[in-house]
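Report on one structure; see the data block that follows.
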Amino acid sequence: MRNDEAKRIADTLGQTQRKTVSKSPLPPPASKGALPGKTGVGRSGAASLPATGAIAGPLVEKDASLRQYHPETNMTTSDGLFVIRVQPIKQVTLTDAKGQKVVMEYAAP
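Numbering follows numbering that gives the first Met the number 0, with no gaps: position 7 of the sequence shown is 6.
Printed below as a string of structure tokens:
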């Protein structure tokens with residue numbers, strides 16, 4: 000590096016260090032007070048929806064023997080000390096409050 004380049008870089012760094020930052024605190028925010036009370040109007044979109052496709056709770060499992068299971072698999076604890084043999088649930092058949100069948104399917108872990 001040439002001498003004049005080094006001097007220019009040193010001068011630039013010196014100017015950067017000499018700049019002073021204002022240390023004065025920020026002004027306090029203006030107080031606005033509470034919002035005035037007002038009446039709101041709700042708009043329900045439920046009246047425009049079709050009456051089909053909804054599940055009416057509560058969901059009840061009337062026959063647990065209808066459950067379907069994934070193949071048995073080994074699951075290891077996070078610390079690796081234990082291995083547990085499990086057969087995860089694949090599908091459960093439930094009945095809603097209207098008597099309609101609801102099938103819950105679960106992915107394999």
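Glycine is no exception: its CB is placed at the ideal position from the N, C-alpha and C atoms.
- Secondary structure at E60: coil, using DSSP grouped into helix, strand and coil.
- For L65, the CB contacts under 6 Å within the same chain, skipping 5 residues up- and downstream, are T92 in chain order.
- Comparing C-alpha distances from E71 to each of P35, I83, A29, A63 shows the shortest one belongs to I83.
- Under DSSP, L34 takes part in no beta bridge, so it has no partner.
- CA-to-CA, the gap between Q67 and A106 works out to about 12 Å.
- Per DSSP, the continuous beta strand (DSSP E) segment holding T75 begins and ends at 72 to 75.
- Taking C-beta atoms under 8 Å as the contact rule, Q90 and E104 qualify, at a distance of about 5 Å.
- Secondary structure of Q14 (DSSP, three-state): helix.
- Spanning the alpha carbons of G79 and I88 requires a straight line of approximately 23 Å.
- For R84, the enclosing beta strand (DSSP E) begins and ends at 82 to 85.
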